[in-house]
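J.: Heads up: the sequence shown begins at 624 in the numbering used here, then just goes up one per residue. Using N, Cα and C, we set each Cβ at its ideal position, and we do this for glycine too. Have a look at this one.
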Amino acid sequence: MKRQILFITIALVATILASCDSNKVYEEYVEIDDYTWNSSKPLNFEFDITDTTALHDIYINVRHANQYPYSNLWLFINSWSPSGFKAVDTVECQLADEHGKWTGSGLGDIWDNQILWKKNVRFATPGKYHVEYNQAMRTDNLVGIMDMGLRVELADNEE
Numbered sequence: 624m625k626r627q628i629l630f631i632t633i634a635l636v637a638t639i640l641a642s643c644d645s646n647k648v649y650e651e652y653v654e655i656d657d658y659t660w661n662s663s664k665p666l667n668f669e670f671d672i673t674d675t676t677a678l679h680d681i682y683i684n685v686r687h688a689n690q691y692p693y694s695n696l697w698l699f700i701n702s703w704s705p706s707g708f709k710a711v712d713t714v715e716c717q718l719a720d721e722h723g724k725w726t727g728s729g730l731g732d733i734w735d736n737q738i739l740w741k742k743n744v745r746f747a748t749p750g751k752y753h754v755e756y757n758q759a760m761r762t763d764n765l766v767g768i769m770d771m772g773l774r775v776e777l778a779d780n781e782e
């Protein structure tokens with residue numbers, strides 16, 4: 624029961640914060656059944672791009688529990704543009720520092736990380752883009768991953 628209340632509280636706070644987020648173009652999460660991500664089950668995201676002149680940053684969102692047995696998460700990522708062009712990428716998401724301390728923001732035994740995947744991307748074609756995550760951790764059933772997400776936002780070019 625405590626875990627459900629904690630999760631509802633986190634979801635409510637995230638919803639309130641997201642409503643104030645003017646840079647967000649897209650953000651969605653996919654829940655992992657029983658916190659166990661099977662290697663044969665890709666996670667899919669689809670988003671629309673209308674502005675082909677703006678620069679965008681793309682993030683991988685990882686929510687995991689303390690029971691996650693590794694300090695990182697390897698992903699194979701396939702992405703498709705509206706024209707059908709396919710790109711393939713391999714990405715390491717670092718979830719703990721060199722001392723084994725979880726990174727990101729934590730509440731109880733739940734940890735959230737937002738990992739920059741691509742910076743200053745200009746989408747060439749308006750339309751629907753598709754992104755697919757496949758876990759690449761050399762284990763069929765990866766325990767401890769609760770949710771995986773994708774975030775696309777307008778790039779902050781003031782840096």
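Fully enclosed by the region 720-779, which beta strand (DSSP E) runs are 3 residues long or longer?
T.: Correct list: 728-730, 733-744, 750-758, 764-766, 768-777.
J.: Output the boundary residues of the beta strand (DSSP E) element that contains F668.
T.: Segment 666-672, the beta strand (DSSP E) holding F668.
J.: When the Cα of L706 is compared with those of L777, P749, G767, which residue comes out closest?
T.: Note that residue 706 is Ser in the sequence shown here, rather than Leu. Nearest option by C-alpha distance: P749.
J.: Check whether the Cβ atoms of D680 and N736 lie closer than 8 Å to each other.
T.: No. Outside cutoff.
J.: Here's the rule I'm using: 16 or more other beta-carbon atoms within 10 Å means buried, otherwise exposed. How should L666 be labelled?
T.: Flag for L666 reads buried.
J.: Looking at V775 and F699, is the spacing between their C-beta atoms short of 8 Å?
T.: Result no, Cβ atoms of F699 and V775 do not sit closer than 8 Å.
J.: Residue ranges of each beta strand (DSSP E) run of no fewer than 3 residues wholly in the region 670-724, ordered along the chain?
T.: Segments of the beta strand (DSSP E) lying fully in the region 670-724: 679-688, 695-703, 709-717.
J.: Rounded C-beta distance between L765 and W660? I'm assuming under 8 Å.
T.: At roughly 4 Å, the Cβ-Cβ gap stays under 8 Å, so L765 and W660 are in contact.
J.: Rounded C-beta distance between C716 and I683? I'm assuming under 8 Å.
T.: With a Cβ gap of about 6 Å, C716 and I683 count as contacting.
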